[in-house]
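**Student:** Going by numbering that gives the first Met the number 0, the sequence shown opens with residue 0, and the numbers climb by one from there.
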Amino acid sequence: MTRAWAGGLAVIVVVVACGGDGEMTLTEYVDEVNTIIDRAAGQYYDLVAKPEGQVLIAERDRLTDFAPHDLQVAFAGVRELEIGVRDAIDAIVPPEQIADLHDRLFDFSLTIPINDALAARASTASDWEELSASEEMAAYRAQLADDKQRCDELQTELDDTAARGAFAETPWIPGELKEVVDAALGCVGFPEHPEDLYRPLSTSGA
């Protein structure tokens, strides 16, 4: 989720609701999630501001300023962020009525292994052409494209449901959400063309 970190994980849901006895309320849940994501976003911005992290946001015409090994180093920083978010999210027991939405928003089961595989491949690639053509890069791009599509679809569902004022009719959004002031997934954080990510200009997309 390298490029998606700036916005792809940001979920802002401001609610007015009450939880059961001893259960985290929806407001408490949102506050906790936003704290985790805000912290991770700040760490990501710090990472890409450093020389070793700039490859993460390099455009295709700037890839020649870096080597594949630089991506491996940068991914180590991203992995630290992702593990931190995953562990913090795993420590949360969401209100029962929002558990399904929680699971849809935060699933690291594929992302982290795919990133790890790409980082390992980057450590042995002789150039960007080799890395770009690798199975590991193909899996990374495919996962990012899938994440982007799911984010866009979920945001559309949120927007359409909010426009109808019918959150209670949506199975994965609990009726206990009495008022939803804003629901933003930040899908703009994903690259427009995941299939071209880290693809040198000397090659073309499939």
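All residues carry an ideal CB built from backbone N, CA and C; glycine is no exception.
Where does the unbroken alpha helix (DSSP H) through T34 begin, and where does it stop?
**Tutor:** Counting along the chain, the alpha helix (DSSP H) containing T34 begins and ends at 25 to 48.
**Student:** For a test of the three-state rule: what should DSSP assign to F74, helix, strand or coil?
**Tutor:** Helix.
**Student:** If we ignore side chains and look at the alpha-carbon of each, how far apart do A66 and P112 end up?
**Tutor:** Their backbone Cα atoms lie some 22 Å apart in a straight line.
**Student:** Given H101, which residues of its chain have a CB within under 6 Å of its CB, disregarding the five upstream and five downstream residues?
**Tutor:** These residues qualify, in order along the chain: P93.
**Student:** Buried or exposed: which applies to E194, given that a residue is buried once 16 or more other Cβ atoms fall within 10 Å of its Cβ?
**Tutor:** E194 should be labelled exposed.
**Student:** Flag this pair as yes or no: are the beta carbons of V32 and I91 separated by less than 9 Å?
**Tutor:** The answer is yes: Cβ separation under 9 Å.
**Student:** Can you tell me whether V179 is helix, strand or coil according to DSSP?
**Tutor:** For V179, the predicted structure reports a pLDDT of 33, less than 50, and the residue's modelled location is therefore unreliable. A value from the coordinates is still provided. Strand at V179.
**Student:** Assuming the contact rule is C-beta atoms closer than 8 Å, D30 and V54 should be a hit. Round their C-beta distance to whole Å, please.
**Tutor:** Wrong, their Cβ atoms sit about 34 Å apart, outside the cutoff.
**Student:** Should H192 be labelled buried (16 or more other beta-carbon atoms within 10 Å of its own) or exposed?
**Tutor:** Exposed, since its Cβ has fewer than 16 Cβ neighbours within 10 Å.
**Student:** By the three-class DSSP mapping on this structure, what secondary structure does I91 have?
**Tutor:** DSSP places I91 in coil when its eight states are reduced to three.
**Student:** Which residue comes first and which comes last in the alpha helix (DSSP H) that contains H192?
**Tutor:** Per DSSP, H192 belongs to no alpha helix (DSSP H) and is neither H nor E.
**Student:** Is the Cβ-Cβ distance between A124 and S133 less than 9 Å?
**Tutor:** Yes, they are a contact pair.
**Student:** In the DSSP assignment, the alpha helix (DSSP H) including R120 goes from what residue to what residue?
**Tutor:** Note, R120: alpha helix (DSSP H), 110 to 121.
**Student:** In terms of residue numbering, what span does the alpha helix (DSSP H) encompassing R61 cover?
**Tutor:** Where R61 is concerned, there is no enclosing alpha helix (DSSP H), given that its DSSP letter is neither H nor E.
**Student:** Under a three-way DSSP split, which group does A5 fall into?
**Tutor:** In this prediction, A5 scores a pLDDT of 40, lower than 50, which makes its location untrustworthy; the coordinate-derived value is nonetheless stated afterwards. In this structure, A5 counts as helix in the three-state DSSP scheme.
**Student:** Helix, strand or coil: how does DSSP classify L269 here?
**Tutor:** The structure shown does not extend to residue 269, since the chain is modelled only from 0 through 205, so no value can be given for it.
**Student:** Considering only the alpha carbon of each residue, which of G52, A98, T24, L196 lies closest to E128?
**Tutor:** With distances taken between Cα atoms, E128 lies closest to L196.
**Student:** Measuring only the C-alpha atoms, how far is P45 from A137?
**Tutor:** For the record, residue 45 in the displayed sequence is Asp; it is not Pro. Whole-angstrom Cα-Cα distance: 28 Å.
**Student:** Please list the terminal residues of the continuous alpha helix (DSSP H) segment that includes L104.
**Tutor:** First-last of the alpha helix (DSSP H) with L104: 98 to 104.
**Student:** Within this structure, are the beta carbons of R59 and R198 separated by less than 9 Å?
**Tutor:** For R59 and R198, yes; Cβs fall inside 9 Å.
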